[in-house]
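Participant: The numbering of the sequence shown is the UniProt record's numbering, which starts it at 1 and goes up by one.
Glycine residues also receive a C-beta, built at the ideal position from the N, C-alpha and C atoms.
Source: prediction; values computed, not measured.
Following this message is one structure expressed as structure tokens.
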Amino acid sequence: MPAQQSLLSATFWMAGAIASFSAMAVSGRMVSGIHDTFEIMAWRSLVGLAVVLLWAILSGRLGEIRTRHFGGHLVRNLSHFTGQNLWFWALGLIPLAQVIALEFTSPLWVILLSPFLLGERITALRALSTVVGFMGILIVARPDFAALDVGVLAAAGSAVFFAGSIILTKRLTRHDSIVTIMFWLTLIQAVLGLLCTFADGQTTWPTAVSGFWLVMIGLSGLAAHLCLTQALARASAGFVVTVDFLRLPVFAILGMVLFSEPLDAMVILGGGIILAANWISIRAAGRASRPQDAR
């Protein structure tokens, strides 16, 4: 596929990813006062499990599902489950744009955690990207250490656990297919969500209205990751990350229009600095992957 056509195709898929992430965030906000985060995760995962099984059956790939590395899938999904619960919790506490800006710090946490979980080395450029990124975090969060905002802490914490999930997923892709990974993702998180939902003895069952939003969360979450994967298959990570940054102003506008949230220039500025940090990290990764000159 010609380079220009690949970029256009990647842009198309990223538009789908941004629309899907936006639908998931708005749906999450709509049910945040009705269902707790465990209930949201349980229903999201059950919807996702049904879709994944249907896809595997129709594509004839059901036989790919393996249990050989179940322990790795369990740890990976514990990390993702924790991060996703924190993310949904933050959605009900702080503006949408602030949640997304803090979510964009996941790549920085990947840099810090990868030496311990993947044995990768932190280069000078990657170290610089983390410093720049955390400057952006301070601008977005503007922490008051006398009274820390629980919503900000939840959003920032979700980025850390998402980073752990990214690293563990990278390890799983070395030996398991996407069907296996998606099956265990939805099944394990459905079980975790149901266990946590019933543990407190106070379960809120979906109504016709909240059920619609819960199904939307499940479908849009799967669609977002599908679109993002397709975009990455067609363009560089640097291009995809740059387009993905459009989620920040889109979420800021959605928050203003749908939930009367004020536009916050400092969140946009801090998010831009975090984007720059991610760009530096991608450039560093690209430089490290180039073959060394023969000497």
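Cα-Cα, which of Ser-260, Leu-138, Gly-28 is closest to Leu-153?
Facilitator: Looking up residue 153 in the sequence shown gives position 153. Ranking the options by Cα distance to Leu-153, first place goes to Leu-138.
Participant: Could you check how far apart the C-beta atoms of Gly-164 and Ser-45 are, in whole angstroms? I think they sit under 8 Å.
Facilitator: The count along the sequence shown starts at 1 and reaches residue 164 at position 164. The count along the sequence shown starts at 1 and reaches residue 45 at position 45. Contact flag wrong, Cβ pair sits at about 18 Å.
Participant: Are the beta-carbon atoms of Ile-18 and Arg-247 separated by less than 7 Å?
Facilitator: For this step, residue 18 is matched to residue 18 along the sequence shown. For this step, residue 247 is matched to residue 247 along the sequence shown. Contact: yes.
Participant: Among the residues of its own chain, which have a CB less than 8 Å from the CB of Met-256, if the five just before and after it don't count?
Facilitator: Residue numbering aside, residue 256 sits at position 256 when the sequence shown is read from its first letter. Here the set comprises Pro-262, Leu-263.
Participant: With burial defined as no fewer than 16 other Cβ atoms inside 10 Å of the residue's Cβ, what is the status of Ser-106: buried or exposed?
Facilitator: By one-based count along the sequence shown, residue 106 stands at place 106. By the 10 Å Cβ count, Ser-106 comes out buried.
Participant: How far does the alpha helix (DSSP H) with Trp-55 in it reach, from first residue to last?
Facilitator: What you label residue 55 is simply residue 55 of the sequence shown in a count that begins at 1. Looking at the DSSP string, the run of the alpha helix (DSSP H) that includes Trp-55 is 37-58.
Participant: Could you give the DSSP three-state label for Ser-6: helix, strand or coil?
Facilitator: By one-based count along the sequence shown, residue 6 stands at place 6. Ser-6: helix per DSSP, three-state reduction.
Participant: Tell me which residue opens and which closes the alpha helix (DSSP H) that Ile-188 is part of.
Facilitator: The sequence position of residue 188 within the sequence shown is 188, counting from 1. Residues 178-199.
Participant: Measure the Cβ-Cβ separation of Gly-211 and Gly-48 and say whether it is below 7 Å.
Facilitator: Mapped onto the sequence shown, residue 211 falls at position 211. Mapped onto the sequence shown, residue 48 falls at position 48. Contact: no.
Participant: By DSSP, does Ser-236 sit in helix, in strand, or in coil?
Facilitator: Counting from one through the sequence shown, the residue named residue 236 turns up at place 236. In the three-state reduction of the DSSP assignment, Ser-236 falls in the coil class.
Participant: Give the range of the alpha helix (DSSP H) segment to which Trp-87 is assigned.
Facilitator: Numbered from its first residue, the sequence shown carries residue 87 at position 87. Residues 70-91.
Participant: What are the boundary residues of the alpha helix (DSSP H) that includes Gln-98?
Facilitator: Position 98 of the sequence shown, counting from 1, holds the residue named residue 98. Segment 96-103, the alpha helix (DSSP H) holding Gln-98.
Participant: In three-state DSSP terms, what is His-225?
Facilitator: Here residue 225 corresponds to residue number 225 of the sequence shown, with the count starting at 1. If DSSP states are grouped into helix, strand and coil, His-225 belongs with the helices.
Participant: Report the residue from Gly-71, Leu-53, Val-99 whose alpha carbon sits nearest the alpha carbon of Gly-83.
Facilitator: To locate residue 83, count along the sequence shown from 1; it is residue 83. Looking at the Cα atoms, Val-99 is the closest of the given residues.
Participant: So Arg-234 and Ser-20 are in contact, right, with Cβ under 8 Å, and what is the actual spacing, rounded?
Facilitator: Locating residue 234 in the sequence shown gives position 234, where the first residue counts as 1. Locating residue 20 in the sequence shown gives position 20, where the first residue counts as 1. Not quite, the Cβ-Cβ distance comes to about 17 Å (not below 8 Å), so this is no contact.
Participant: Would you mind reading off the limits of the alpha helix (DSSP H) that contains Phe-162?
Facilitator: Working through the sequence shown from its first residue, we reach residue 162 at position 162. Residues 150-172.
Participant: What residues in its chain sit with their C-beta under 8 Å from that of Val-150, if we drop five residues either side in the sequence?
Facilitator: Residue 150 sits at position 150 when you count from the first residue of the sequence shown. Closer than 8 Å at the Cβ level, and outside the excluded window around Val-150, lie Leu-93.
Participant: Expressed to the nearest angstrom, what Euclidean distance is found between the alpha-carbon atoms of Ala-252 and Glu-103?
Facilitator: Sequence index remark: in the sequence shown, residue 252 carries index 252 (1-based). Sequence index remark: in the sequence shown, residue 103 carries index 103 (1-based). In a straight line, the C-alpha of Ala-252 is about 14 Å away from that of Glu-103.
Participant: With respect to the alpha helix (DSSP H) encompassing Phe-134, which residues constitute its N-terminal and C-terminal limits?
Facilitator: Position 134 of the sequence shown, counted from the first residue, corresponds to residue 134. Note, Phe-134: alpha helix (DSSP H), 124-141.
Participant: With burial defined as no fewer than 16 other Cβ atoms inside 10 Å of the residue's Cβ, what is the status of Ile-280: buried or exposed?
Facilitator: Position 280 of the sequence shown, counted from the first residue, corresponds to residue 280. Buried is the call here.
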